[in-house]
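> Residues 72 to 346 in our numbering are what the sequence shown spells out, letter by letter. I have a structure I would like to understand better, so I am pasting it below and will then ask my questions one at a time.
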Amino acid sequence: MKAKKIGAKIIFASLGCILVSAVISLVVMNAGSSSMVNEIMQDDTETSMNALKSEVAGLKTNSLKFAKNFSNDESIKKAVETKDRLAILNAIYYAKSDLMSDTEFITVTDEKGTVLVRTNSDKYGDSAAGKESVKQALKGTSAPQIEAEDGIKLAVVSAFPVKNESGKITGVISTGYKLDSTDFADNLKAMTGMQYSVFLNNRQIVTTIVKDNRRLSGSTLGGAAAEAVLKGKKAYSSEEWIANDCYYTMYEPILDSKGMNCPSFFTGKPINAIL
Numbered sequence: 072m073k074a075k076k077i078g079a080k081i082i083f084a085s086l087g088c089i090l091v092s093a094v095i096s097l098v099v100m101n102a103g104s105s106s107m108v109n110e111i112m113q114d115d116t117e118t119s120m121n122a123l124k125s126e127v128a129g130l131k132t133n134s135l136k137f138a139k140n141f142s143n144d145e146s147i148k149k150a151v152e153t154k155d156r157l158a159i160l161n162a163i164y165y166a167k168s169d170l171m172s173d174t175e176f177i178t179v180t181d182e183k184g185t186v187l188v189r190t191n192s193d194k195y196g197d198s199a200a201g202k203e204s205v206k207q208a209l210k211g212t213s214a215p216q217i218e219a220e221d222g223i224k225l226a227v228v229s230a231f232p233v234k235n236e237s238g239k240i241t242g243v244i245s246t247g248y249k250l251d252s253t254d255f256a257d258n259l260k261a262m263t264g265m266q267y268s269v270f271l272n273n274r275q276i277v278t279t280i281v282k283d284n285r286r287l288s289g290s291t292l293g294g295a296a297a298e299a300v301l302k303g304k305k306a307y308s309s310e311e312w313i314a315n316d317c318y319y320t321m322y323e324p325i326l327d328s329k330g331m332n333c334p335s336f337f338t339g340k341p342i343n344a345i346l
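Right, here's the structure in full:
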């Protein structure tokens with residue numbers, strides 16, 4: 072009888088040990104799995120953000136190249152010097168074809184920064200001299216900027232001085248690519264499979280995230296993300312709920328030539344996408 076009681080105790084003790092071991096193993100496995108998921112998500116978002124920054128860098132390079140090429144086009148130079156709006160538009164039309172330019176807008180000003188023509192708008196006669204890109208071009212220097220255009224909330228813009236035969240600046244031609252378009256964000260998503268958003272200050276102006284056949288644009292950047300990105304000018308990563316899905320996210324500010332925040336970029340992916 073005692074032997075049976077002892078045997079039962081041993082069995083229960085063994086079962087208890089097995090149960091404890093199983094629980095410990097499960098906890099360790101879950102911890103390891105969670106760590107692995109976090110590592111994968113972090114790698115994915117960093118790669119995705121690098122792809123976005125690489126795309127923007129490419130747009131800057133191309134916009135500067137085409138701005139320079141447009142400014143050196145003889146037909147454009149002659150038209151700008153005479154300030155003939157129709158001649159400028161015709162010259163641009165043929166130059167875009169000859170140069171195989173894919174830029175999305177072109178703005179031409181006179182030597183004072185007064186707009187002569189815009190290819191994306193009928194508006195002219197206003198001053199663009201306060202824009203950083205035009206301001207630098209009027210001084211004879213050029214560097215890509217991220218700034219607003221007429222009717223465009225955010226764009227990569229490069230401006231180049233137009234000079235006559237004697238080397239005098241007669242105007243400025245600027246060109247570039249939209250960052251507030253769904254095409255920009257959707258093309259990135261198609262390349263990487265990640266979600267993207269563009270923020271201007273703390274307001275989201277474009278996103279690839281869709282819920283119930285509607286883009287979830289117009290949200291605001293707040294909390295710790297806003298503190299880090301807008302005030303601290305640093306990248307910020309976290310897990311957050313977006314449209315009822317838990318995302319691993321990364322936000323990163325883009326600084327202008329003066330070190331000030333221009334837009335902020337977001338990329339992320341639902342965590343359950345890899346589970």
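Positions of the beta carbon are idealized from the N, C-alpha and C atoms, including for glycine. In this text the structure is predicted, and so the values were computed from the model without any measurement.
Expressed to the nearest angstrom, what Euclidean distance is found between the alpha-carbon atoms of A295 and M171?
Distance between the alpha carbons of A295 and M171 is about 44 angstroms.
> Between G201, A230, E218 and E220, which has its C-alpha nearest G211's C-alpha?
Ranking the options by Cα distance to G211, first place goes to A230.
> For A79, collect the residues of the same chain with a Cβ closer than 8 angstroms to its Cβ; drop the 5 residues on either side in sequence, then sort them by chain order.
For A79, the predicted model reports a pLDDT of 46, less than 50, meaning its position is unreliable; a value from the coordinates is still stated below. Closer than 8 angstroms at the Cβ level, and outside the excluded window around A79, lies no residue.
> Assign M262 to buried or exposed, taking buried as 16 or more other Cβ atoms, counted over all protein chains shown, within 10 Å of its Cβ.
Exposed: under 16 other Cβ atoms inside 10 Å.
> Of the choices S245, F337 and L250, whose alpha-carbon is the least far from that of S290?
Nearest option by C-alpha distance: F337.
> For I244 versus A138, is the C-beta distance shorter than 8 angstroms?
Contact flag set, yes.
> For the 8 angstroms Cβ check, are there 3 or more pairs between the region 156 to 169 and the region 200 to 218?
Flag = no, the region 156 to 169 and the region 200 to 218 do not touch.
> Alpha carbons only, please: which of P232, E182 and G242 is nearest the one belonging to K136?
Nearest C-alpha to K136: P232.
> If you run the structure through DSSP and keep just helix, strand and coil, what is I111?
The answer is helix: DSSP assigns I111 an H, G or I state.
> What are the boundary residues of the beta strand (DSSP E) that R195 is part of?
In the sequence on display, residue 195 carries Tyr and not Arg. Here Y195 belongs to no beta strand (DSSP E), and DSSP marks it neither H nor E.
> Could you compute how far the alpha carbon of E175 sits from the alpha carbon of T246?
Straight-line Cα distance between these residues: approximately 7 angstroms.
> Which value, in whole angstroms, describes the spacing of the CA atoms of L326 and F141?
Answer to the nearest angstrom: the Cα atoms are 27 angstroms apart.
> Given a cut-off of 8 angstroms on the beta-carbon distance, is the pair K284 and D316 in contact?
Position check: residue 284 holds Asn in this sequence, whereas Lys was assumed. No, Cβ-Cβ distance for N284 and D316 is not below 8 angstroms.
> Short of 8 angstroms in beta carbon distance, which residues of its chain neighbour L187, apart from the five on each side in sequence? Order them along the chain.
If we look at L187 and ignore the five residues flanking it on each side, its Cβ neighbours are V151, K154, R156, I159, V179, T180, D181, Y195 and G242.
> Can you have a look at E110 and say buried or exposed, based on whether 16 or more other CB atoms are within 10 angstroms of its CB?
Looking at its Cβ environment, which holds fewer than 16 other Cβ atoms inside 10 Å, E110 is exposed.
> May I ask you to report which of helix, strand or coil DSSP gives T118?
It is helical.
> Could you pull out every residue in the same chain whose Cβ sits closer than 6 angstroms to the Cβ of S146, ignoring the five residues on either side in sequence?
Contacts found: A162.
> Please look up how many angstroms separate the CB atoms of L292 and S335, rounded, as I've assumed it's under 8 angstroms.
At roughly 6 angstroms, the Cβ-Cβ gap stays under 8 angstroms, so L292 and S335 are in contact.
> For T246, report the span of its beta strand (DSSP E) as first-last.
Run containing T246: I240 to K249, per the beta strand (DSSP E) assignment.
> Whose CA, out of S119, Q275 and K234, lies closest to the CA of S252?
Cα-wise, what sits closest to S252 is Q275.
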